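Peer 1:
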Amino acid sequence: MIFKDYIGGNIMTKYIYLTYVDRYIGAFNPYTWQIEYAPTEKFVDFVQKILKDYPEYTPHCVLDRTIEKVIRDKIIHDIKLAEELKNKR
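Count along the sequence shown from 1, add 13, and you get the number used in the numbering used here.
1. Would DSSP call residue 15 helix, strand or coil?
2. Would you kindly work out how many angstroms separate the C-alpha atoms of residue 47 and residue 41, rounded to a whole number?
3. For residue 31, name the three-state secondary structure that DSSP assigns.
4. With three or more C-beta pairs closer than 8 angstroms as the rule, is the stretch 53 to 60 touching the stretch 82 to 94?
5. Suppose the cutoff is 6 angstroms on Cβ atoms and the five residues either side in sequence are ignored; what does the same chain contact list for residue 73 look like?
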């Protein structure tokens, strides 16, 4: 079931935006700024997880450079953080 907000006389569907970023598929929630991603080989599992975790949202595939940049920055940050943690051990 899709949860819909009633805003200013219009019914608005909530979306989670999915986009391809390098070797990853990323999801961006514009309402909470939450970002998730997974390797493209796990696309089906990733989309099923998004559907399960956010049942009130509709996945929406987009080509948007701003969303791509936000997701790419998160991926790079996580990779650098993992490398730093690995080097400290």
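We put the CB at the ideal spot given by N, CA and C, even for glycine.
Here the structure is a predicted model, which is why all the values come from computation and not from measurement.
Peer 2: Working from what's here:
1. A caution first: residue 15 carries a pLDDT of 41, below 50, which makes its placement in the model unreliable, though a value can still be read off. Three-state DSSP puts residue 15 in coil, outside helix and strand.
2. 6 angstroms
3. In this structure, residue 31 counts as strand in the three-state DSSP scheme.
4. no
5. Beyond the five residues adjoining it in sequence on each side, residue 73 comes within less than 6 angstroms, by CB distance, of 28 and 30 in the same chain, given in chain order.
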